[in-house]
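In our numbering, the protein residues as written are -18 to 49. Just so you know, even glycine gets a beta-carbon here, dropped at the ideal spot from N, CA and C. Presented below is the structure to which this report refers.
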């Protein structure tokens, strides 16, 4: 497991998972950064872990409720 993945697994906070173009994408926060983990259910593999950009985060906005 690479260093970023290990830091996410050990210290990250899972926020949400969405289905997106054939992938299950899990969003994690780690400190002040957000990471996306792209899981391909057809191959049962994690294909990519990337630092989320502001544009990447837009796809989660309509799925997250912050009401109390």
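Spanning the alpha carbons of residue 25 and residue 7 requires a straight line of approximately 14 Å. The alpha-carbon of residue 40 is positioned some 11 Å away from that of residue -2. Counting only unbroken stretches of 4 or more residues, the alpha helix (DSSP H) elements lying wholly within the stretch 8 to 45 are 35 to 38, in sequence order. Annotation: the continuous beta strand (DSSP E) that includes residue 1 extends over -6 to 1. Checking the DSSP bridge columns, you'll see residue 6 partnered with -1, 19.
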